[in-house]
Structure formats: structure tokens, C-alpha cells
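Chemist: Handing you a structure now.
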């Protein structure tokens with residue numbers, strides 16, 4: 534099916550829809566990578582509507598959505614990192630029906646345009662070390678593993694991640 538794709542800023546009126554989409558994506562993707570309890574804990578922590586609404590007011594952090602034929606089918610959140618000239622992708626997710634169709638690359642290209650406006654040259658992200666599908670996708674888009682991170686996140690849970698980085702010509 535030929536789908537019309539639009540990438541634009543998340544609107545405050547869409548935050549509940551985004552949180553619902555996140556739940557659908559996470560519950561489909563993360564079993565076998567992290568426990569069901571950790572999935573629910575992280576969804577509660579990361580997709581709290583008040584938290585996202587506050588983030589929408591920041592000037593150093595962006596939330597964008599991917600609409601396919603007008604339906605929210607993916608999203609990304611990214612911010613200016615502490616490292617110079619760097620933007621960190623905090624979230625980049627696509628509904629399973631939108632995966633492996635080039636939309637992830639479109640979201641990354643969209644982030645690259647924001648990078649140019651911010652004078653940044655490097656993208657970084659953290660990805661669960663067991664998330665083989667995402668790691669392979671990021672590698673296809675030029676990211677390399679540059680470090681590892683093991684971080685306690687609360688609730689008795691840990692994030693065991695690779696840090697991946699990509700230099701972008703802007």
C-alpha cells in the first residue's frame with residue numbers, strides 16, 4: 534500500500550494517543566528482551582502525559598510524530614546532549630505495520646535537519662544490548678557501537694545498553 538508520510542511536531546492534544554501507541558509498540562516488541570514488569574514500569578515512567586507535556590515546552594528537546602495517511606504510526610524524541618555538537622535520540626519507535634519500509638530512515642533524516650539548525654554533527658543513542666533488530670537497523674543507518682552502559686533505573690530494573698554514535702554531514 535502506498536502511504537502518505539508526514540513528520541511533524543507532536544501536539545499537546547496528541548500526548549494520550551502517543552502514550553497509547555507507545556504501549557502498543559513496546560508490548561509487541563520488548564517481550565523476550567526485557568520482562569513484562571519492566572516494560573510496564575518503563576512505559577509508566579517514560580510516557581507519563583504530564584512529563585511529555587512539560588518536555589514539549591523545552592527548547593532543547595523535541596518530540597516528532599510520523600503520520601501515515603493521517604494515522605500516528607511512529608515517533609521520536611531527541612535532545613541536545615551534554616557533549617558538544619551532539620544530539621541524543623532518546624526514543625525512535627515505529628508501529629510494526631510501519632517497520633522495514635524506510636520510515637525509520639525518514640525520521641533520522643528529519644532529526645538530521647534539526648541537527649543542521651542546531652549546528653550539531655553527531656547523533657548518539659542507547660539501545661538495549663539484546664535488541665538485535667534495532668541494533669541492525671541503526672547499523673544500516675551508519676551508527677557504530679562506541680560504548681556500553683549499565684544503569685539502574687528504579688523499580689529494581691536495569692538498562693543494559695550499547696551506546697551507538699553516528700557522525701552526520703550537515
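Numbering (my numbering), first residue to last: 534 to 703. Where is the CB? At the ideal position from N, CA and C, for every residue including glycine. Computed from a prediction, not measured in an experiment: that's the story for all the values here.
What do you get for residue 610, buried or exposed, if any count of 16 or more other CB atoms within 10 angstroms of its CB means buried?
Modeler: Within the chain shown, the letter at position 77 stands for residue 610. Its Cβ being crowded by 16 or more others within 10 Å, residue 610 is buried.
Chemist: Which runs of the beta strand (DSSP E) at least 3 residues long sit entirely within the segment 570–621? Give them in chain order.
Modeler: You should have 594–601 and 604–613.
Chemist: Since residue 589 and residue 543 are thought to touch, with beta carbons under 8 angstroms apart, how far apart are those beta carbons, to the nearest angstrom?
Modeler: In the chain shown, the residue the question calls residue 589 occupies position 56. In the chain shown, the residue the question calls residue 543 occupies position 10. Residue 589 to residue 543, Cβ: 7 angstroms. Contact.
Chemist: Is the beta carbon of residue 599 closer than 8 angstroms to that of residue 538?
Modeler: Working through the chain shown from its first residue, we reach residue 538 at position 5. Working through the chain shown from its first residue, we reach residue 599 at position 66. In this structure, residue 599 lies closer than 8 angstroms to residue 538 by Cβ.
Chemist: With 16 as the cutoff for other CB atoms within 10 Å, does residue 562 come out buried or exposed?
Modeler: The count along the chain shown starts at 1 and reaches residue 562 at position 29. Counting Cβ neighbours within 10 Å, residue 562 comes out buried, since at least 16 surround it.
Chemist: Report all residues from its chain with a CB closer than 7 angstroms to the CB of residue 688; omit the five preceding and five following residues, and keep chain order.
Modeler: Here residue 688 refers to the residue found at position 155 when the chain shown is read from its first residue. Cβ neighbours of residue 688 beyond the five flanking positions: 574.
Chemist: How is the alpha helix (DSSP H) around residue 668 delimited, first residue to last?
Modeler: Position 135 of the chain shown, counting from 1, holds the residue named residue 668. Unbroken alpha helix (DSSP H) run through residue 668: 665–673.
Chemist: Does the structure place the segment 673–680 close enough to the segment 689–700 that three or more beta carbon pairs sit under 8 angstroms?
Modeler: As far as the Cβ criterion goes, the segment 689–700 touches the segment 673–680, which means the pair count is three or higher.
Chemist: For residue 701, name the three-state secondary structure that DSSP assigns.
Modeler: Taking the first residue of the chain shown as position 1, residue 701 is located at position 168. Coil at residue 701, not helix or strand.
Chemist: For residue 606, does the count of other Cβ atoms within 10 angstroms reach 16, so buried, or fall short, so exposed?
Modeler: Residue mapping note: residue 606 aligns to position 73 of the chain shown, counting from 1. It is buried - the Cβ of residue 606 has at least 16 other Cβ atoms within 10 Å.
Chemist: What span of residues does the beta strand (DSSP E) with residue 542 cover, start to end?
Modeler: Taking the first residue of the chain shown as 1, we reach residue 542 at position 9. Element bounds for residue 542: 538–542.
Chemist: Could you tell me whether the Cβ atoms of residue 613 and residue 620 are closer together than 8 angstroms?
Modeler: Within the chain shown, numbered from 1, the residue matching residue 613 stands at position 80. Within the chain shown, numbered from 1, the residue matching residue 620 stands at position 87. A contact, by the Cβ cut-off of 8 angstroms.
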